[in-house]
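Q: Pasting a structure below so you can have a look.
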Amino acid sequence: MIKKRVLVVGAGIFGASTALALSDANYDVVLIDAGPIPHPLATSTDISKACRMEYGSDLVYMELMEEAFLGWDRWNKEWQEQGLAPLFHKAGILFLTTEPMSPGSFELDSFTALRTKNWNPQRLSPSLLKESFPAWSEGGFQDGLFNPQAGFAESSKVVRRLIEMAKRKGVEVLPNCPVKELMETEVAGKKKVTGARCSTGQSFEADEVILCTGVWTKRLCPELDQCFKISSHPVFHFKLPERHREFFSRERFPVFAADVTQTGVYGFPVIDGIIKIATHGLGQLVTPDSPREVSQSQHRTLRNFLKKSVPMLKDAELVESRLCFYCDTQDEDFWIARDPARAGLTVATGGSGHGFKFAPILGDIVLNVIDGQQSSWTKKFSWRPKLRQEMGNEEARAHNQE
Ligand SMILES: Cc1cc2nc3c(=O)[nH]c(=O)nc-3n(C[C@H](O)[C@H](O)[C@H](O)COP(=O)(O)OP(=O)(O)OC[C@H]3O[C@@H](n4cnc5c(N)ncnc54)[C@H](O)[C@@H]3O)c2cc1C
């Protein structure tokens with residue numbers, strides 16, 4: 013049987029997971045990216061991304077994450093059997109609050125949802141925080157939860173590893189192929205995408221083209237301009253002073269989100285001597301070419317937070333800071349769907365600040381779309397161009413991100 017040829021454009025986590033799932037399903041896959049892989053400006057590129065199932069009262073994403081956790085465990089096992097290091101780490105996650113968690117709050121709703129699903133989170137108290145997680149200042153956080161099931165993935169390394177796996181399964185992977193336009197024809201009066209042309213002069217023909225192009229998607233599909241919003245969020249990497257190292261291990265300083273609906277601050281245990289801390293919130297609207305420098309006031313805000321809440325890090329040496337860009341849909345649900353106006357084109361993006369953790373199942377959802385198999389996920393992540401008008405209130409954001 014002749015294999016269908018699929019061109020996946022964009023080798024971030026959506027593209028890597030897609031290439032892997034499609035090659036497993038016996039498609040003939042080519043994966044290309046505009047630059048080196050992982051691309052330094054890709055949203056997926058960083059030392060870590062949080063993997064957690066706390067979504068307030070939203071059990072739908074919690075269930076999707078339950079499946080994704082099984083996938084992470086499978087990958088870790090497979091990698092260890094091959095003598096490779098695991099890249100998902102079940103360090104647990106701490107949600108800290110300065111006020112007692114109140115009904116309707118993200119933290120209490122998440123705590124209740126975890127219990128409903130028998131995940132057994134621990135409720136935090138100042139004494140538990142002091143005993144178990146001593147890097148946190150005393151007297152600051154009063155309440156919260158600890159869920160040992162969560163953790164983090166070493167994100168750039170994951171992208172690289174998945175691409176190695178895809179190559180072994182026969183996927184052709186080509187960096188430095190910036191797509192400038194889609195190739196189209198008309199079949200029986202209907203438009204059909206037949207491939208993509210790069211600014212380097214190369215072109216790729218394919219039966220199916222899948223755009224996993226993150227914040228750059230609107231460039232290739234300008235008609236989606238109203239559907240995605242690009243927002244910037246600061247990320248900081250600090251060198252952990254040697255003398256404090258014991259306080260920031262995975263066991264004593266798990267992934268955290270500190271009063272996250274107000275401060276937006278979250279962070280990670282030490283990885284190779286580096287502590288990553290970031291903030292999310294509404295962010296600032298940007299374009300893919302906007303500068304990536306973090307502002308002085310963003311630096312000051314973070315230093316003030318550290319001084320107050322994690323004093324051992326207050327003077328830690330900053331080794332990197334940058335703005336990372338979210339590709340937000342208006343409802344923060346992903347966008348994994350066929351273009352209803354053009355056969356042969358699928359768009360898989362809209363990570364909305366929380367996509368990485370689902371890496372083990374993103375590709376399977378894309379595969380369902382390509383194969384025409386409907387599921388509750390393909391419905392949720394459908395092509396929905398009217399979203400912006402329907403949603404109306406731009407400020408109405410749930411607290412899905414990270
Ligand atoms: C600061 C920050 C923190 C985050 N934290 C978390 C977290 O803790 N947990 C979590 O689950 N998620 C998190 N996210 C969200 C997550 O990182 C994203 O949802 C996910 O990485 C998006 O992946 P992607 O593949 O869609 O995009 P990208 O990783 O941006 O990949 C897109 C790729 O497409 C390529 N490309 C674009 N245009 C073209 C073209 N024309 N031709 C060829 N190639 C092209 C690019 O070069 C790039 O490599 C965070 C995001 C940010 C910004």
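Each residue of the sequence shown is one higher than the one before, starting from 13 at the first, in the working numbering. Idealized CB from N, CA, C, for every residue including glycine. Small disclaimer: the values here were computed from a predicted structure and weren't measured.
Going by beta-carbon coordinates alone, are A328 and F250 separated by less than 7 Å?
A: Yes, the pair counts as a contact, with Cβ atoms nearer than the cut-off.
Q: Whose CA, out of D271, Y278, V267, S261, lies closest to the CA of G285?
A: When only C-alpha atoms are compared, the closest one is S261.
Q: Report whether the distance from the Cβ of F158 to the nearest heavy atom of ligand 1 is below 6 Å.
A: For ligand 1, not one heavy atom lies less than 6 Å from the Cβ of F158.
Q: So what does DSSP say about K16, is it helix, strand or coil?
A: The answer is coil: DSSP assigns K16 none of H, G, I, E or B.
Q: Can you list, in chain order, the residues of its chain with a C-beta nearer than 6 Å to that of V282? Leave out the 5 residues immediately preceding and following it.
A: Closer than 6 Å at the Cβ level, and outside the excluded window around V282, lie L252, F260.
Q: Would the C-beta of A46 count as close to ligand 1, meaning under 6 Å from any of its heavy atoms?
A: Checking the Cβ of A46 against ligand 1 gives yes.
Q: Return the Cβ separation of F107 and G156 in integer angstroms, given the expectation that the two are a contact with Cβ distance under 8 Å.
A: With 8 Å as the limit, F107 and G156 qualify as a contact, their Cβ atoms being about 5 Å apart.
Q: Identify every run of the beta strand (DSSP E) within the stretch 325 to 396, keeping only runs that are complete inside it and at least 3 residues long; order them along the chain.
A: With a minimum length of 3 residues, the continuous beta strand (DSSP E) runs that stay inside the stretch 325 to 396 are 329 to 341, 347 to 350, 357 to 361.
Q: Give the straight-line distance between the Cα atoms of Q385 and I222, rounded to the nearest whole angstrom.
A: Going by the C-alpha atoms only, they are around 16 Å apart.
Q: At a cut-off of 6 Å, is V247 close to ligand 1 when judged by its beta-carbon and the heavy atoms of the ligand?
A: Result yes, Cβ under 6 Å from ligand 1.
Q: Restricting to Cα atoms, I'd like to know which of P266, W347, T291 is closest to V272.
A: Taking only the C-alpha atoms, the option nearest V272 is T291.
Q: Can you name the start and end residues of the alpha helix (DSSP H) that L106 belongs to?
A: Premise fails: L106 lies in the beta strand (DSSP E), 105 to 109, not in any alpha helix (DSSP H).
Q: How big is the Cα-Cα spacing for E344 and S364?
A: C-alpha separation (whole angstroms): 5 Å.
Q: Output the distance between the C-alpha atoms of V20 and F118, rounded to the nearest integer angstrom.
A: About 36 Å.
Q: Measure the alpha-carbon distance for F265 versus R255 and round it to whole angstroms.
A: Whole-angstrom Cα-Cα distance: 15 Å.
Q: Between S56 and V171, how many whole angstroms is the CB-CB distance? I'm expecting something under 8 Å.
A: At roughly 5 Å, the Cβ-Cβ gap stays under 8 Å, so S56 and V171 are in contact.
Q: Leaving out five residues before and five after L374 in sequence, what residues of the same chain have Cβ atoms less than 6 Å from its Cβ?
A: For L374, where only same-chain residues beyond five positions count, the Cβ hits under 6 Å are F26, S29.
Q: How big is the Cα-Cα spacing for A408 and S168?
A: Confidence is the limiting factor: at A408 the pLDDT is only 37, short of 50, which leaves the residue's position unreliable and the question unanswerable from this model.
Q: Name, in chain order, the residues that DSSP records as bridge partners for L157.
A: Its beta-bridge partners are F107, R135.
Q: Considering only C-alpha positions, which residue in the set M113, C210, L186, G95 is nearest to G24?
A: That would be L186, whose Cα lies nearest to the Cα of G24.
Q: What does a CB cutoff of less than 6 Å around N188 pick up in its chain, not counting 5 residues either side in sequence?
A: If we look at N188 and ignore the five residues flanking it on each side, it has no Cβ neighbours.
Q: Which residue wins for smallest C-alpha separation from K204, given the options P246, M195, G279?
A: Measuring from the Cα of K204, the nearest candidate turns out to be M195.
Q: Starting from the C-beta of F280, find all residues in its chain whose C-beta is less than 6 Å away, skip the five residues before and the five after it, and write them out in chain order.
A: Closer than 6 Å at Cβ, skipping near neighbours: S60, F164, V267, K288.
Q: Specify the secondary structure class of G27 as computed by DSSP and reduced to three states.
A: In this structure, G27 counts as helix in the three-state DSSP scheme.
Q: Spatial neighbours of V331 within its chain, please: C-beta separation below 8 Å, excluding the five flanking residues on both sides.
A: Same-chain partners within the cutoff: H249, F250, K251, I286.
Q: Of all the options R315, A103, A33, G68, which has the alpha carbon lying nearest to the alpha carbon of K129?
A: Comparing Cα positions, the closest option is G68.
Q: Leaving out the 5 sequence neighbours to the left and right, which residues in its chain are closer than 7 Å to M403 when beta-carbon positions are compared?
A: Per-residue confidence for M403 stands at a pLDDT of 49, beneath the threshold of 50, marking its modelled position as unreliable; the derived number appears in the next sentence. Q342, D343, listed in sequence order.
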